[in-house]
Amino acid sequence: MSIFGEKCARCGAKTRHEVEGKATCVACDNEMQLLVEAKGEELHLCPVDGATMSKEIAHMIVVDRCPSCQGVWLDGGELERLKDGVEASAVMAMASGFTVPFG
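If you read the sequence shown in numbering that gives the first Met the number 0, its first letter stands for residue 0, the second for the next number, and so on.
This is the structure we're talking about:
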């Protein structure tokens, strides 16, 4: 491994973190752990059309999404966690000199 780290096998970011002998950044490692946990959760039916919803990750939160109507189901507290994550990302982007359009 170089002093700068290797490229994450999943996203290509430089990292010194490894999982099972492969360079994997901490963010990807956390996301993969969420996916494993989500596989064990019960699948829900869409309250709109009754289709079986799939598990997806948004800002490190597992949400249920309907494949037919694209509706999203959030468990208790997840909306607040999503909001906090988006706000934190916007603050970091602005601090780095990027502008975030609002409106």
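Backbone N, C-alpha and C define an ideal beta-carbon position, used for all residues, glycine too.
Predicted, not measured: the structure shown is a model, and the values here were computed from it.
| query | Using 8 Å as the Cβ pair cut-off and three pairs as the minimum, do the stretch 25-36 and the stretch 2-16 touch? | reply | yes
| message | Taking 8 Å as the threshold (C-beta atoms), are G70 and V35 in contact? | response | Along the sequence shown, one-based indexing puts residue 35 at 36. Along the sequence shown, one-based indexing puts residue 70 at 71. It is not a contact, given that the beta carbons lie outside the stated cut-off.
| For M52 and L42, believed in contact at Cβ under 8 Å, the rounded distance | The residue given as residue 42 occupies position 43 in the sequence shown. The residue given as residue 52 occupies position 53 in the sequence shown. Contact flag correct, Cβ pair sits at about 6 Å.
| Whose C-beta lies closer than 8 Å to the C-beta of K21 among residues of the same chain, with five residues either side of it excluded? | Along the sequence shown, one-based indexing puts residue 21 at 22. Once the five neighbours on either side are set aside, the close Cβ partners of K21 are A8.
| query | Hey, is G4 close to the ligand FAD, as in C-beta under 7 Å from one of its heavy atoms? | reply | This structure lacks the ligand FAD, and indeed carries no ligand of any kind.
| message | Give me the DSSP bridge partner(s) of A12. | response | Working through the sequence shown from its first residue, we reach residue 12 at position 13. DSSP output for A12 lists no bridge partner at all.
| request: For V61, collect the residues of the same chain with a Cβ closer than 6 Å to its Cβ; drop the 5 residues on either side in sequence, then sort them by chain order. | output: Numbered from 1 along the sequence shown, position 62 holds the residue referred to as residue 61. Excluding positions up to five away in sequence, the list reads L33, A37 and K54.
| Can the beta-carbon of H58 be found closer than 8 Å to that of L78? | Residue 58 sits at position 59 when you count from the first residue of the sequence shown. Residue 78 sits at position 79 when you count from the first residue of the sequence shown. Cβ distance not < 8 Å, so H58 and L78 don't count as in contact.
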